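Trainee: Handing you a structure now.
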Amino acid sequence: MSRQSLPSCFKTGGLTQPNKTATAAAAAVFTGGKWNTQLRELSKKGQYNQALILYRQMLRSGATPNAFTFPFILKSSAALSLHLAGKQLHCHVIKGGCLLEPFVQTALISMYGKFCLLDNAHKVFDEIPDSARLTVCYNALISGLIQKRLSNALLLFREMRTKDVPLHSVTILGLVPGCTIPLHLNLGSALHCLVVKYGFISDLNVANCFLSMYARCGSIESAKRVFDEIPERTLITWNAMISGYAQNGLCTEVLDLFRDMQCSGVHPDEVTFVGVLSSCANLGAQRIGREVEEMMDHCEFGFNPYLKNSLISMYARCGNLVRARVIFDDMPEKTLVSWTTIIGGYGMHGQGEVAVELFDQMIWAGIRPDKAVFVCVLTACSHAGLTEKGLGYFYSMQEIYSLKPLSEHYSCVVDLLGRAGRLAEAMNLIEWMPVQPDGPVWGALLGACKIHKNVELAELAFNKVVELEPRNIGYYVLLSNIYTEAGNMEGALRIRRMMRERGLKKDPGYSYVEYKGKNHLFVAGDKRHPQSKEIYAMLEKLENLAKEGGENENHSQQRENSAVHSERLAIAFALLSTNSSNAEILVIKNLRICGDCHMFVKSVSKIVKCRFVVRDATRFHHFNGGSCSCNDYW
DNA sequence: GTAGGGTTAG
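For the first sequence, position 147 (counting from the first letter as 1) is numbered 146 according to numbering that gives the first Met the number 0, and the numbering increases by one without interruption.
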C-alpha cells in the first residue's frame, strides 16, 4: 500500500509510519523481540493505551512489527474503540506482509467485530481460503455478528458443523449473547443441550454464561439449576447468580445468596456489590446497605465510581437523601449517571426545586444530558408541581440538545400538565405527539382525570389504555375509583365485573418496615404477625386519637378495608417496636398509598412525635407534624 | 512470545 492511500491522520499524530531514522535511545531500551514481550505484558494487563504508545515508540525506533506484534496491538485499538488507529493498523499489516498470518487475521476480524464494522470483519474472513479457516476465525466472526446479525452468525455456526470445523467452548460462548432476550430462549436452550452433549458444560466459563443467559431471559429457575450443578463456583459464578436474581427483582434471594457466598469463602468484588446494593435499594434495606458500604470501604473497590453511583441510588431509595447527597458531593468525578441518580433521588422525594437546581449545575459542569436524565428531571418537576419549568426542559430537549423525546418523556409531560389541571393541553399533546402514545401516556392522563374528577375524559383514556395494556390491573382500579368518587356506583361495578370476567385479580398490597435488620411484611387485614394482637390494639388507639383530634372528619368515603391497609399495620408495628420519640420510621409499600391512608398517616404524625417516611410505588412521602412533603399533590 | 468468551450503575 502506498503512503498516499493511507488515512490522513496517519501522518499527523496518532500512529506514525515506521521510521528508519529513529532515536537510538529508544531503540537501545527495547531491541528486537523485546518490543513484542513488552506489548504482550501491557495487553495482558489491559493497559491498552500504554500498548499503543509503546507501538508508536517501536515504529519510531525503526523496529519492524511482525506477526507477533499485531495481535496485541489490534486488540488494544479494539478495546479502546479507536477505529482510525485500527484501520491504520490494518494497513500496517498489509504493508508488513502479515495478512496471511492466521493469528493476525483473527485479531483483525475480532477488532472489526468490536467496532461493529461487520462488513469489514466479514471481508477479512472471506479472503481467508476455505481450508485455512480455523475454529478461531469462525469464533471471532460469530462473536462479532451475534448481536446485530444473529441469523448470519447462526449460518456460520451451521457451516462449521457441516464442514467439520472443530467446535470449541469459545464458539459457544460467542453464540450465547444472541440468546439473552426472552424471544430467543428456545435457541439458548437448544444450545444448552448441545453443550451438555459435547461436554462443554464442564467448562466453568460456559456454565457461567448459560447461567446468566437464563437469568437475563427471566428463566430464573433454569439459571438456579445451572448454578446448583456447578461444582466449583468462582466469583463470576456467584456474581452471575446474584446479578440474575437482582435483575429479576428477587431481592431477598440476592441477600441470602450474598451471605452464602461469603460463607463459602469467596470474596465479593464490585460486580457483587452492585447487585447487592440494587437489591437493598429495592427492599429499602438501608441497614444492610450501610453494612455493605462499610465492607466496601475496607476493600480496594471503595473508590469505584460505579459503586458510588449504586450507593447514591441505594440511600436515595432507602429514604436517606442526606447520605446520598454526601456521597454525591464527595465524588471527585461525577458522571452523567451520578447526576441522573441524584436528580432522580430528589425527584422521588418531591424536592423538585433541588432536582432542577442540580440539573442546571450539571449543564454548567459541561455534562451533556441524555434521554434518561430528562426523564428524571421531568418526573421531578411533575412531582413538585413545577409545571412551567418542566415544560421548558421538555422543549429544550429537542431545541437545545437535539434529543427526540420518547414516549416516556411524553408521559411525563402529560402527567405534568394533567396534575396542574391542564387536561385539554395534555389531550392536545397526546393527539399531536409524533410517536405512538403507549400505555403510560394514556395512564398519566387517566391519573390526572382522577385528581381533577373528569369522568368523561377518564373514560376515553381508559378505553385507549386498556386496548394497549389489557392486563394492567392498575388502570381498572383507577377508573373504578373515579366512578366511586363521582357517585357512579353502577360504573364502578361494571369495571369490577370486567376485571372478574377477564380473570384479573388485584395485586395484594403489601408494606414492610425494617426492624433489627429484618423486614417485617404486612398485607391488608393481615393477622399472621406474632404481635398481631398488639398491632391491632395500637391501630385502634391511633384511630381514636385521630378522631378525637378531628383529623378524620372528612372521611365520608372510607374505602373498603382501608382501616387495615398494610401501611397502617406496618406503622402500628413500628410504633410498638420503637422506643425513642423522635424516630424516623420508613415504610415501603408496593402500590400507591391511597387517599385515606395518606390522611391517616398525616394525622398520626401530628399525634406522635415521629417522622414517617412512606415509599410507595411512585415516590416518597415524608410525614411530619401533620403534613406531608408531597403537599397532597401526588 | 501470538487469537476467540463470561459477571456491573441512572
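Every residue, glycine too, gets a C-beta built ideally from N, C-alpha and C.
Quick caveat, the model's predicted, so the values are computed rather than measured.
With three or more beta-carbon pairs closer than 8 Å as the criterion, would you say the stretch 96-103 touches the stretch 137-150?
Mentor: At 8 Å Cβ cutoff, the stretches do not touch.
Trainee: By Cβ distance, which residues of its chain are closer than 7 Å to Lys-601, with the 5 residues on each side in sequence left out?
Mentor: If we look at Lys-601 and ignore the five residues flanking it on each side, its Cβ neighbours are Phe-622, Gly-625, Ser-626 and Cys-627.
Trainee: Name, in chain order, the residues that DSSP records as bridge partners for Tyr-509.
Mentor: In the DSSP output, where bridge partners are listed per residue, Tyr-509 has Val-522.
Trainee: Do you know offhand how far Cys-639's Cα is from Ala-571's?
Mentor: The displayed coordinates of the chain run from 0 to 633. Any statement about residue 639 would go beyond what the structure contains.
Trainee: Please report the distance separating the alpha-carbon of Ile-450 from that of Glu-398.
Mentor: If you take the alpha carbons of Ile-450 and Glu-398, they lie about 32 Å apart.
Trainee: Decide if the stretch 366-382 is in contact with the stretch 342-351; the criterion is three or more beta carbon pairs, one per stretch, under 8 Å apart.
Mentor: Verdict: yes, contact present.
Trainee: Distance check for Gln-37 and Phe-29, CA to CA, integer angstroms please.
Mentor: Low confidence applies here, because Phe-29 scores a pLDDT of 47, under 50, leaving its location unreliable and the question unanswered by this model.
Trainee: Over what stretch of residues does the alpha helix (DSSP H) that includes Glu-547 continue unbroken?
Mentor: Per DSSP, Glu-547 belongs to the alpha helix (DSSP H) from 531-547.
Trainee: Unbroken beta strand (DSSP E) runs of length 3 or more, entirely within the stretch 43-93: which are they?
Mentor: Qualifying beta strand (DSSP E) stretches: none in this window.
Trainee: How many angstroms separate the CA atom of Arg-324 from the CA atom of Ala-523?
Mentor: About 35 Å.
Trainee: Is the stretch 170-182 touching the stretch 141-149, taking contact as three or more C-beta pairs under 8 Å?
Mentor: Yes, they touch.
Trainee: State the CB to CB distance for the pair Leu-574 and Met-537, rounded to an integer number of angstroms; the pair is presumed to be in contact (CB under 8 Å).
Mentor: Indeed they touch by this definition, with Cβ atoms about 6 Å apart.
Trainee: Kindly list the residues whose CB is nearer than 6 Å to the CB of Ser-634, restricted to its own chain and excluding five residues on each side of it in sequence; keep chain order.
Mentor: Residue 634 lies beyond the range of the chain shown here (0 to 633); nothing can be said about it.
Trainee: Do you know how far the Cα of Ala-371 is from the Cα of Phe-124?
Mentor: Using only the alpha carbons, I get a separation of about 39 Å.
Trainee: Report the CB separation of Ala-284 from Glu-533 in whole angstroms; it is logged as a contact under 8 Å.
Mentor: About 24 Å separates the two Cβ atoms, so there is no contact after all.
Trainee: In this structure, how does DSSP classify Gln-585 when only helix, strand and coil are distinguished?
Mentor: Inspection of the sequence shows that residue 585 is occupied by Leu rather than by Gln. DSSP places Leu-585 in strand when its eight states are reduced to three.
Trainee: Which class does Tyr-514 belong to by DSSP, given the choice of helix, strand or coil?
Mentor: Strand, per DSSP.
Trainee: Just confirm the distance between the C-beta atoms of Ala-214 and Gly-243, as a whole number of angstroms; I'd bet it's less than 8 Å.
Mentor: Confirmed, Cβ separation roughly 3 Å.
Trainee: By a C-beta neighbour count over all protein chains shown, 10 Å radius and 16 as the cutoff for buried, is Trp-431 buried or exposed?
Mentor: With fewer than 16 other Cβ atoms within 10 Å, it is exposed.
Trainee: Just checking my contact of Glu-484 with Lys-452 at CB under 8 Å: how many whole Å lie between their CB atoms?
Mentor: Contact holds; Cβ gap of about 7 Å.
Trainee: Could you tell me which of Asp-437, Glu-455, Phe-71 and Cys-448 sits nearest to Thr-464, measuring between CA atoms?
Mentor: At residue 464 the sequence reads Val, which differs from the Thr that was named. For Val-464, the nearest C-alpha among the options comes from Asp-437.
Trainee: In the DSSP assignment, the alpha helix (DSSP H) including Val-454 goes from what residue to what residue?
Mentor: From DSSP, the alpha helix (DSSP H) with Val-454 extends over 454-467.
Trainee: Considering only their Cβ atoms, is the gap separating Met-313 from Ala-354 smaller than 7 Å?
Mentor: No.
Trainee: Given a cut-off of 7 Å on the beta-carbon distance, is the pair Leu-88 and Leu-73 in contact?
Mentor: Going by C-beta atoms, Leu-88 is nearer than 7 Å to Leu-73.
Trainee: Return the residue from the list Trp-237, Ala-364, Glu-299 and Val-270 that minimises the CA-CA distance to Asp-255.
Mentor: Closest by alpha carbon: Trp-237.
Trainee: So the beta strand (DSSP E) Val-613 belongs to, where does it begin and stop?
Mentor: That run of the beta strand (DSSP E) goes 610-614.
Trainee: Note down, one range per segment and in chain order, each beta strand (DSSP E) of at least 3 residues found wholly within the stretch 103-188.
Mentor: Listed in chain order, nothing qualifies, since the stretch 103-188 has no complete beta strand (DSSP E) run of 3 or more residues.
Trainee: In the DSSP assignment, what residue or residues form a beta bridge with His-620?
Mentor: DSSP lists Val-613 as partners of His-620.
Trainee: Looking only at its chain, what residues have a beta carbon closer than 8 Å to the beta carbon of Met-240, apart from the 5 residues adjacent to it on each side?
Mentor: Hits under 8 Å: Leu-210, Ala-214, Ala-222, Lys-223, Phe-226 and Leu-256.
Trainee: Only counting the same chain, and skipping five residues up and downstream in sequence, which positions put a Cβ closer than 7 Å to that of Asn-119?
Mentor: The residues are Tyr-111.
Trainee: Answer yes or no: do Phe-69 and Cys-97 have a C-beta to C-beta separation smaller than 7 Å?
Mentor: A contact, by the Cβ cut-off of 7 Å.
Trainee: Considering only the alpha carbon of each residue, which of Glu-252, Leu-249 and Met-260 lies closest to Arg-232?
Mentor: Checked all of Glu-252, Leu-249 and Met-260; the closest Cα to Arg-232 is Met-260.
Trainee: Cutting at 6 Å between CB atoms, please list the residues of its own chain near Cys-629, excluding the five before and the five after it.
Mentor: Excluding positions up to five away in sequence, the list reads Gly-349 and His-620.
Trainee: Can you name, in chain order, every residue of its own chain whose Cβ lies under 8 Å from the Cβ of Glu-352, other than the five neighbours on each side?
Mentor: Ala-383 and Leu-385, listed in sequence order.
Trainee: Do you know how far the Cα of Leu-58 is from the Cα of Ala-25?
Mentor: Any reading at Ala-25 must be qualified, since the residue scores a pLDDT of 44, below 50, and its modelled position is unreliable; no value is offered.
Trainee: May I ask which residues mark the beginning and end of the alpha helix (DSSP H) holding Gly-349?
Mentor: Here Gly-349 belongs to no alpha helix (DSSP H), and DSSP marks it neither H nor E.
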